[in-house]
Amino acid sequence: PNPKDLNTYVTPHIPADEWENLGMELLDGDTVALSSIKANATETSQRCSKMFQKWLNRRGSTWNCLIAALERVHLTYLADQIKKILTSTPTEYQSARTSNAQSLAATTRTASFMDATPEMGDLISIVLPTIKAEWEDVAYTLHYNTHTIEDIKGKHKEDPRKCCREVLADWLNATPERNDSPRTWAALLDKIKDITQLEDARKEIIKKLTEKYQ
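First residue of the sequence shown? That's 237 in my numbering, and the numbers climb one at a time after it.
This is the structure:
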């Protein structure tokens with residue numbers, strides 16, 4: 237790939253909470269390089285651009301390598317769009333690039349929603365069913381103390397669905413003084429990522445949100 241194509245067709249469509257996971261794949265777990273990128277760039281687009289610069293200087297930096305890495309971090313919608321370009325015939329290539337850009341414009345909504353505040357309806361229909369069994373762990377990662385968690389359990393007679401719903405609603409509506417976690421999809425998914433047993437649930441949430449907002 238050349239830097240221009242990467243910056244046009246890939247960089248703008250990587251969610252803020254996934255660039256580092258992709259970097260771990262492409263840079264073979266080089267945490268020093270990724271930490272340096274994070275320290276010297278604040279915008280996701282800048283971080284991706286610098287990460288791709290380092291990757292392009294390595295051997296084996298091919299489109300197929302990038303596609304495989306995207307699939308491993310579950311950015312399959314982006315991997316699929318790149319495949320459409322690569323499998324086009326020469327006469328179809330320019331058309332594919334144009335249609336790909338239009339398709340990726342839709343995935344920009346997917347990337348941008350990660351920085352948006354969730355709607356309670358999405359929290360109930362998409363998030364709650366996948367995490368309710370582990371709602372106490374989620375509450376702890378959102379900085380709820382044991383006393384508060386016990387109060388919630390008593391209030392709802394330990395019904396995991398009702399308990400989880402209250403935690404999500406409280407997190408969404410809490411003032412910054414009560415909870416310093418940003419009210420964004422990226423922040424919530426980042427918290428869920430800290431819970432090992434919810435890794436599959438997190439992937440499922442991202443998949444459903446991607447399908448909804450593409």
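Glycine included, each C-beta is placed from N, C-alpha and C at the ideal position.
Item, Value
"Could you please give the first and the last residue of the uninterrupted alpha helix (DSSP H) stretch that includes residue 209?", "Coverage of the chain is limited to positions 237 through 450, which leaves residue 209 absent and any answer about it impossible."
"Pick out the complete alpha helix (DSSP H) segments inside the segment 249-318, 4 residues or longer, and give them in chain order.", "255-262, 267-276, 280-292, 299-308"
"What did DSSP end up calling residue 241 once you bin it into helix, strand or coil?", "helix"
"Within its chain, find whatever has a CB closer than 8 Å to the CB of residue 306; leave out the 5 residues flanking it on each side and keep chain order.", "258, 312, 314, 315, 318"
"Under the rule that 16 or more other beta-carbon atoms within 10 Å means buried, what is residue 437, buried or exposed?", "buried"
"Specify the secondary structure class of residue 438 as computed by DSSP and reduced to three states.", "helix"
"Tell me which residue opens and which closes the alpha helix (DSSP H) that residue 396 is part of.", "396-409"
"So the alpha helix (DSSP H) residue 391 belongs to, where does it begin and stop?", "382-391"
"Smallest Cα separation from residue 323: which of 299, 308, 309, 310?", "299"
"Once DSSP output is grouped into helix, strand and coil, what is the label at residue 367?", "helix"
"Quick one, are the C-beta atoms of residue 256 and residue 242 less than 7 Å apart?", "no"
"Where does residue 378 sit, in a helix, a strand or coil, going by DSSP?", "coil"
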